[in-house]
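Comments concern the structure below.
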Amino acid sequence: MALVRLPVVLVLLLIISISLGMAAADSAKDRDECTQQLAGMATCLPYVEGQAKTPTPDCCSGLKEVLNSNKKCLCVIIKDRNDPELGLQINVTLALGLPSICHVPANISKCP
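So the sequence shown is residues -25 to -1, 1 to 87, counted in mature numbering (1 follows the signal peptide of the UniProt record, and there is no 0).
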(Lines of atoms letter the chains of each structure in order from A and count residues from 1; the text may use other names and numbers.)
(Lines give C-alpha, C1' and ligand atoms only; values in the text may rest on other atoms or scores of the structure.)
Protein backbone atom coordinates (compact mmCIF):
# COMPACT_ATOMS: atom_id res chain seq x y z
CA MET A 1 0.00 0.00 0.00
CA ALA A 2 2.80 2.42 0.89
CA LEU A 3 4.55 1.57 -2.38
CA VAL A 4 1.44 2.59 -4.32
CA ARG A 5 1.26 5.96 -2.55
CA LEU A 6 4.90 6.85 -3.20
CA PRO A 7 4.43 7.52 -6.96
CA VAL A 8 1.32 9.58 -6.23
CA VAL A 9 3.23 11.70 -3.71
CA LEU A 10 6.13 12.14 -6.16
CA VAL A 11 3.76 13.24 -8.92
CA LEU A 12 2.10 15.75 -6.57
CA LEU A 13 5.50 17.14 -5.54
CA LEU A 14 6.49 17.47 -9.18
CA ILE A 15 3.28 19.33 -10.03
CA ILE A 16 3.75 21.68 -7.08
CA SER A 17 7.37 22.45 -7.96
CA ILE A 18 6.47 23.11 -11.61
CA SER A 19 3.64 25.42 -10.52
CA LEU A 20 5.96 27.35 -8.21
CA GLY A 21 8.51 27.73 -10.98
CA MET A 22 5.87 29.06 -13.36
CA ALA A 23 4.64 31.53 -10.73
CA ALA A 24 8.18 32.82 -10.21
CA ALA A 25 8.63 33.20 -13.98
CA ASP A 26 5.32 35.10 -14.23
CA SER A 27 6.40 37.40 -11.39
CA ALA A 28 9.71 38.18 -13.12
CA LYS A 29 7.89 38.77 -16.42
CA ASP A 30 5.42 41.13 -14.73
CA ARG A 31 8.26 43.03 -13.06
CA ASP A 32 10.15 43.40 -16.36
CA GLU A 33 6.97 44.52 -18.11
CA CYS A 34 6.28 47.19 -15.48
CA THR A 35 9.79 48.55 -14.85
CA GLN A 36 9.46 51.52 -17.19
CA GLN A 37 5.96 52.41 -16.03
CA LEU A 38 6.86 52.15 -12.36
CA ALA A 39 9.75 54.56 -12.86
CA GLY A 40 7.06 57.23 -13.26
CA MET A 41 6.05 56.56 -9.67
CA ALA A 42 9.51 57.18 -8.20
CA THR A 43 8.21 60.41 -6.69
CA CYS A 44 5.87 58.27 -4.53
CA LEU A 45 8.75 56.58 -2.70
CA PRO A 46 9.12 59.16 0.09
CA TYR A 47 5.42 58.77 0.87
CA VAL A 48 5.12 54.96 0.68
CA GLU A 49 8.36 54.57 2.64
CA GLY A 50 6.87 56.75 5.39
CA GLN A 51 9.29 59.68 4.94
CA ALA A 52 6.69 62.19 3.70
CA LYS A 53 3.29 63.01 5.19
CA THR A 54 1.50 63.29 1.85
CA PRO A 55 2.18 62.18 -1.72
CA THR A 56 3.29 64.86 -4.17
CA PRO A 57 1.16 65.89 -7.15
CA ASP A 58 3.79 64.23 -9.38
CA CYS A 59 3.29 60.99 -7.45
CA CYS A 60 -0.46 61.10 -8.01
CA SER A 61 -0.10 61.84 -11.72
CA GLY A 62 2.44 58.99 -12.01
CA LEU A 63 0.01 56.66 -10.24
CA LYS A 64 -2.80 57.69 -12.58
CA GLU A 65 -0.58 57.07 -15.59
CA VAL A 66 0.42 53.60 -14.35
CA LEU A 67 -3.19 52.63 -13.65
CA ASN A 68 -4.34 53.89 -17.04
CA SER A 69 -1.66 51.94 -18.90
CA ASN A 70 -1.43 48.71 -16.89
CA LYS A 71 -3.26 48.14 -13.60
CA LYS A 72 -1.17 45.04 -12.98
CA CYS A 73 1.90 47.21 -12.34
CA LEU A 74 0.53 48.55 -9.07
CA CYS A 75 0.03 44.94 -7.97
CA VAL A 76 3.68 44.26 -8.82
CA ILE A 77 4.81 46.93 -6.35
CA ILE A 78 2.63 45.55 -3.60
CA LYS A 79 3.51 41.93 -4.31
CA ASP A 80 7.27 42.58 -4.49
CA ARG A 81 7.44 45.07 -1.61
CA ASN A 82 9.71 42.83 0.49
CA ASP A 83 12.00 41.76 -2.35
CA PRO A 84 15.56 42.44 -1.14
CA GLU A 85 16.68 43.10 -4.74
CA LEU A 86 14.51 46.21 -4.85
CA GLY A 87 16.06 47.71 -1.73
CA LEU A 88 12.81 49.42 -0.75
CA GLN A 89 10.96 49.55 2.55
CA ILE A 90 7.40 50.08 1.36
CA ASN A 91 4.70 50.59 3.97
CA VAL A 92 1.85 48.51 2.57
CA THR A 93 -0.83 50.49 4.38
CA LEU A 94 0.41 53.73 2.82
CA ALA A 95 0.78 52.10 -0.61
CA LEU A 96 -2.74 50.66 -0.47
CA GLY A 97 -4.16 54.06 0.50
CA LEU A 98 -2.40 55.91 -2.31
CA PRO A 99 -5.19 55.53 -4.92
CA SER A 100 -7.74 56.97 -2.48
CA ILE A 101 -5.52 59.88 -1.43
CA CYS A 102 -4.71 60.68 -5.06
CA HIS A 103 -8.38 60.33 -6.07
CA VAL A 104 -7.46 57.69 -8.64
CA PRO A 105 -9.88 54.75 -8.77
CA ALA A 106 -8.15 51.40 -8.29
CA ASN A 107 -9.31 48.06 -6.99
CA ILE A 108 -6.22 46.56 -5.39
CA SER A 109 -8.27 43.69 -3.99
CA LYS A 110 -8.16 42.23 -7.52
CA CYS A 111 -4.37 41.87 -7.39
CA PRO A 112 -3.32 38.24 -7.88
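Where is the CB? At the ideal position from N, CA and C, for every residue including glycine.
Exposure label - residue i; buried when at least 16 CB within 10 Å
i	result
residue 11	exposed
residue 14	exposed
residue 51	buried
residue 17	exposed
Three-way DSSP call (helix, strand, coil) for residue i in this model
i	result
residue 72	helix
residue 35	helix
residue 80	coil
residue 21	helix
residue 43	helix
residue 28	coil
residue 65	coil
residue 9	helix
residue 48	helix
C-beta atoms of residue i and residue j nearer than 8 Å
i	j	result
residue 73	residue 30	yes
residue 37	residue 19	yes
residue 23	residue 70	yes
residue 83	residue 49	yes
Rounded distance between the beta-carbons of residue j and residue i, thought under 8 Å
i	j	result
residue 77	residue 39	7 Å
residue 54	residue 34	At roughly 20 Å, the Cβ-Cβ gap does not stay under 8 Å, so residue 54 and residue 34 are not in contact.
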